[in-house]
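For the sequence shown, position 191 (counting from the first letter as 1) is numbered 191 according to the UniProt record's numbering, and the numbering increases by one without interruption.
Every residue gets a Cβ at the ideal spot worked out from N, C-alpha and C, and that includes glycine.
Worksheet: the structure to be examined is printed underneath.
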Amino acid sequence: MIAAFNVWLQVPQDELLAITKVIGMLHSASLLIDDVEDDSVLRRGVPAAHHLFGLPQTINCANYVYFLALDEIIKLKNPEMVKIYTGMELYWRDTATCPTEEEFIEMVDNSTYASTPPLDKPIHSSIYIETGGLLRLAVKLMQAASTSKQDYTGLVSKIGIHFQVRDDYMNLQSQQYADNKGFCEDLTEGKFSFPIIHSIRSDPNNRQLLNILKKRSDSLEIKQYALQLLERTGTFDYCRKFLANIEVEARKEIEQLGGNAKLEKIMDMLSIPV
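This is the structure:
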């Protein structure tokens with residue numbers, strides 16, 4: 001993705017390598033924390049780090065990497081580009097509060113934060129960086145090192161939202177995802193992913209799916225039944241159409257910005273047939 005945006009930005013090689021290194025470090029650290037927060041069993045088909053090395057060592061390692069990355073960013077003399085993101089997704093999950101699609105998109109977009117949680121409810125939050133936030137940080141750092149004055153924030157936002165919604169969809173529909181992270185792992189984690197939000201909001205009187213999320217069950221039968229509930233509300237069709245619309249918008253913006261064969265190829269890879 002960095003190479004694709006560099007078609008436009010033409011960042012000097014030394015600075016581009018430094019930015020690529022920083023984003024790679026932050027991405028690795030965020031995956032460690034993400035697995036701890038979700039208590040994931042697998043990461044890319046192998047046991048998650050905290051199951052191998054324990055929680056303290058995993059968290060310490062991730063935090064150390066954040067500081068190493070910060071040091072690299074400071075060397076670029078652009079420390080304001082460091083972005084810290086609130087863990088709104090954890091608040092929704094641990095209080096069994098189903099967000100709206102708008103709140104979900106706002107959280108993923110990270111341009112603003114989701115609505116302030118009620119003061120009479122406990123808040124379970126931690127600092128983490130979403131994929132969309134990493135992409136935005138990468139492009140902003142690149143823009144700071146580039147002579148180009150073009151603002152790519154809108155395009156980055158669309159790609160980040162597309163990536164996250166696609167990831168949520170694939171978690172419930174892809175065999176490859178099941179092999180790497182476990183079958184419908186988002187259900188076991190009690191995660192209010194985009195498909196889950198749509199299904200619950202589509203049939204608010206049916207609390208079966210919400211109750212399944214609360215249980216965080218490993219049961220294959222229960223998760224298969226949850227998929228049936230999602231099918232009944234037309235959720236997967238809705239997700240495919242949503243992704244198709246975002247993809248069209250992103251491709252239009254790429255064209256308006258002058259075209260970019262590398263970004264078009266990435267969109268081809270991410271595309272899901274309606």
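Between the alpha carbons of ILE200 and LEU210 lies a gap of roughly 7 Å.
Burial of TYR152 is indicated by the presence of at least 16 other C-beta atoms within 10 angstroms of its C-beta. In the pairwise beta carbon analysis, the region 216-231 is classified as not touching the region 132-139: fewer than three pairs are separated by under 8 Å. For ASN180, the closest alpha carbon among the candidates ARG43, SER30 and LEU9 is that of ARG43.
In the structure shown, LEU263 adopts helical secondary structure according to DSSP, grouped into three states.
For GLY258, there is no enclosing alpha helix (DSSP H), as DSSP marks it with neither H nor E. Here ARG251 carries a helix assignment [DSSP, helix/strand/coil]. Taking a contact to require three or more Cβ pairs closer than 8 Å, the region 258-273 and the region 179-195 do not qualify as touching. Under DSSP, the beta-bridge partners assigned to ARG43 are VAL46.
Straight across, the Cα-Cα distance linking GLY133 with LEU26 is about 10 Å. Sequence-distant partners of THR235 (beyond 5 residues in either direction) whose C-beta falls short of 6 Å from its own C-beta, in its chain, are PRO195, HIS198 and SER199.
A direct Cα-Cα distance of roughly 26 Å separates LEU155 from TYR177. By the C-beta density criterion, VAL46 is exposed, having fewer than 16 other C-beta atoms within 10 angstroms. The region 61-69 makes no contact with the region 9-20, as fewer than three CB pairs between them are under 8 Å. With fewer than 16 other Cβ atoms from the protein chains shown falling within 10 Å of its own Cβ, THR100 counts as exposed.
One alpha carbon belongs to ILE105, the other to GLY258, and they sit about 27 Å apart. Note on THR188: 16 or more other CB atoms within 10 angstroms of its CB, so buried under the neighbour-count rule.
LEU32 places its beta carbon less than 9 Å from that of HIS50. Going by beta carbons, ARG240 and ASP203 fall outside the 9 Å limit. For VAL274, there is no enclosing alpha helix (DSSP H), as DSSP marks it with neither H nor E.
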